[in-house]
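Visitor: Residue 5 is where the sequence shown starts when you use my numbering, and the numbers rise one by one after that. We treat Cβ as the ideally placed atom computed from N, Cα and C, and that holds for glycine.
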Amino acid sequence: MTEAWRASNGISSSFQLGAAVFILMLHFGNETLAFSLTESLESNQRTISGIIVAGMLMLSDPLIATAAARVEWNLGNGMVQLEDPLMFPKLKPLHGATLLGSGGGGAVFSFQGSQTVVKISWLGSAASVERECAVLKTLENTAVQGVERCIGQTRYLNDSRRVMIAMEPLMEDAVASVLDIDKDLRPHAVECIVRTMVQMLAANVVTIDVQPLISRQTGDVIFIDLTEATELKPPLSFLERTLISSFCTEMAALIPEYLLPVASNALLDELKMLEQGGAYLSKDACDSLGGQSFLVSDEIIGYTDKVPVSPK
5 MTEAWRASNG ISSSFQLGAA VFILMLHFGN ETLAFSLTES LESNQRTISG IIVAGMLMLS
65 DPLIATAAAR VEWNLGNGMV QLEDPLMFPK LKPLHGATLL GSGGGGAVFS FQGSQTVVKI
125 SWLGSAASVE RECAVLKTLE NTAVQGVERC IGQTRYLNDS RRVMIAMEPL MEDAVASVLD
185 IDKDLRPHAV ECIVRTMVQM LAANVVTIDV QPLISRQTGD VIFIDLTEAT ELKPPLSFLE
245 RTLISSFCTE MAALIPEYLL PVASNALLDE LKMLEQGGAY LSKDACDSLG GQSFLVSDEI
305 IGYTDKVPVS PK
């Protein structure tokens with residue numbers, strides 16, 4: 005806090021009250037309430053003096069001015085207003101929000117010097133964004149690699165009917181196609197895709213409209229936007245079995261044809277690693293993988309026929 009604000013400790017409590025009311029109300033984004041509360045104290049000139057000095061401090065003090073800053077985006081599905089810095093529970097203040105994109109689920113923002121991204125739901129998508137966070141936590145608890153992590157959830161400050169979730173990591177300089185990265189990195193990217201597919205199936209989680217982010221620098225793959233993800237619980241319905249098949253088909257479609265041998269080898273390796281850890285795919289998952297004839301070799305089919313399947 006500034007030296008000027010420290011000096012106010014020697015000033016009357018009425019003066020400090022006026023200053024505090026003004027700054028706090030502006031900090032929480034309600035200018036109308038700030039002024040209406042202080043108007044009720046107009047009879048006390050010292051309080052009004054405190055309000056005036058508080059305003060002067062805000063103009064001269066970068067810390068206070070930053071706390072009161074607000075940025076708005078008018079997007080197709082609604083408006084988003086964020087304070088700078090954004091104060092997200094249990095996280096360090098997030099500065100300098102940049103819109104990464106928006107869709108039916110919500111708007112996603114990155115922040116300067118941070119690996120955290122924040123998704124803000126719309127009125128009609130709050131439940132699906134909350135479910136996305138819950139699914140990501142399930143995947144984290146089952147050690148699934150290659151998906152973003154949900155590290156927090158809270159209500160959107162300007163409308164409690166909407167929610168915000170914080171996720172990591174932010175992958176910069178990323179593309180959506182294996183063919184858009186250096187050819188030497190492509191085999192690694194394919195192995196990452198197969199690994200995540202198998203681990204998600206083992207965790208009984210599938211999604212539709214898969215969205216990979218592939219690093220140009222390393223070939224690492226992170227799957228984002230799991231708003232449509234589903235946790236499968238037996239007995240499975242026909243629709244849920246269809247979701248498994250669709251998920252496998254979409255993941256396999258990310259693999260360039262000339263790298264299918266790499267994918268087949270990676271798939272067999274992942275299945276063996278599951279077995280070593282005492283985990284197995286469900287029968288429905290094995291059947292769906294078997295339907296990817298261009299990906300699944302005879303060796304893989306023979307292997308899945310021999311090992312026990314998960315009862316889930």
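Can you look up Val148 in the DSSP assignment and give me helix, strand or coil?
Guide: Here Val148 sits in coil by DSSP.
Visitor: So, at 6 Å on beta carbons, what are the nonlocal neighbours of Gly59 in its own chain, with the 5 sequence-adjacent residues on each side left out?
Guide: Confidence at Gly59 is low in this model, with a pLDDT of 49, below 50, so its placement is unreliable and no value can be given for it.
Visitor: Enumerate, from N- to C-terminal direction, the unbroken alpha helix (DSSP H) stretches of 4 or more residues contained entirely within the region 106-191.
Guide: The qualifying runs are 130-145.
Visitor: Go ahead and label Lys123 buried or exposed: buried means 16 or more other beta carbons lie within 10 angstroms of its beta carbon, across all protein chains shown.
Guide: So Lys123 ends up on the buried side.
Visitor: Excluding five sequence neighbours on each side, which residues of the same chain lie with their C-beta closer than 6 Å to the C-beta of Val202?
Guide: Only Glu274 meet the Cβ criterion.
Visitor: Leu252: which of Ala283, Thr211 and Phe242 sits nearest, CA to CA?
Guide: Sequence inspection shows Cys at residue 252; the Leu mentioned does not correspond to that position. Nearest C-alpha to Cys252: Thr211.
Visitor: Just reading off the beta strand (DSSP E) that Val75 is part of, what are its end residues?
Guide: Ala73 to Leu79 is the extent of the beta strand (DSSP E) around Val75.
Visitor: Quick one: what does DSSP say Pro265 is sitting in, helix, strand or coil?
Guide: Helix, per DSSP.
Visitor: Whose CA, out of Gly282, Leu143 and Ser301, lies closest to the CA of Val266?
Guide: Nearest of Gly282, Leu143 and Ser301 to Val266, Cα basis: Ser301.
Visitor: Could you check if Asp291 belongs to the surroundings of the ligand MG, using beta carbon to heavy atom distance under 6 Å?
Guide: For the ligand MG, the structure offers nothing, since it holds no ligand at all.
Visitor: So the beta strand (DSSP E) Glu87 belongs to, where does it begin and stop?
Guide: Here the beta strand (DSSP E) through Glu87 covers Gly82 to Asp88.
Visitor: Am I right that Val179 and Arg190 are in contact with their C-beta atoms under 8 Å? What's the rounded C-beta distance?
Guide: With 8 Å as the limit, Val179 and Arg190 do not qualify as a contact, their Cβ atoms being about 12 Å apart.
Visitor: Leaving out the 5 sequence neighbours to the left and right, which residues in its chain are closer than 6 Å to Glu2 when beta-carbon positions are compared?
Guide: Since the first residue of the chain shown is 5 and the last is 316, residue 2 is not available in this structure.
Visitor: Measure the Cβ-Cβ separation of Gly150 and Phe92 and say whether it is below 7 Å.
Guide: No. Outside cutoff.
Visitor: Distance, Cα to Cα, Ser292 vs Leu240?
Guide: Each residue's Cα considered, the two are about 13 Å apart.
Visitor: Going by DSSP in three states, Phe329 sits in which element: helix, strand or coil?
Guide: Outside the shown range of the chain (5 to 316) lies residue 329, about which nothing can therefore be said.
Visitor: So, at 7 Å on beta carbons, what are the nonlocal neighbours of Gly110 in its own chain, with the 5 sequence-adjacent residues on each side left out?
Guide: Around Gly110: Lys123, Ile124, Ser125, Trp126, Ser129 and Val133.
Visitor: Taking buried to mean at least 16 other C-beta atoms within 10 Å of its own C-beta, is Leu61 buried or exposed?
Guide: Residue placement at Leu61 is flagged as unreliable, the pLDDT there being 44, under the threshold of 50; the coordinate-derived value follows with that caveat. Buried, since its Cβ has 16 or more Cβ neighbours within 10 Å.
Visitor: How would you call Tyr160, buried or exposed, if buried means at least 16 neighbouring beta carbons within 10 angstroms?
Guide: Its Cβ being crowded by 16 or more others within 10 Å, Tyr160 is buried.
Visitor: Hey, could you find the ends of the beta strand (DSSP E) Leu217 is sitting in?
Guide: Looking at the DSSP string, the run of the beta strand (DSSP E) that includes Leu217 is Gln215 to Ser219.
Visitor: Return helix, strand or coil for Glu235, following the three-state DSSP convention.
Guide: The answer is strand: DSSP assigns Glu235 an E or B state.
Visitor: DSSP three-state call for Val300: helix, strand or coil?
Guide: Reduced to three states, the DSSP call for Val300 is coil.
Visitor: As a quick exercise: from Met171, Ala256 and Ser114, pick the residue whose alpha carbon is nearest that of Cys154.
Guide: Looking at the Cα atoms, Met171 is the closest of the given residues.
Visitor: In the DSSP assignment, find the unbroken beta strand (DSSP E) run with Phe227 in it and report its ends.
Guide: Where Phe227 is concerned, the enclosing beta strand (DSSP E) stretches over Val225 to Ile228.
Visitor: My output table needs one value for Leu271: the three-state DSSP class, helix, strand or coil.
Guide: If DSSP states are grouped into helix, strand and coil, Leu271 belongs with the helices.
Visitor: Starting from Leu293, trace the alpha helix (DSSP H) in both directions and tell me its first and last residue.
Guide: Looking at the DSSP string, the run of the alpha helix (DSSP H) that includes Leu293 is Lys287 to Gly294.
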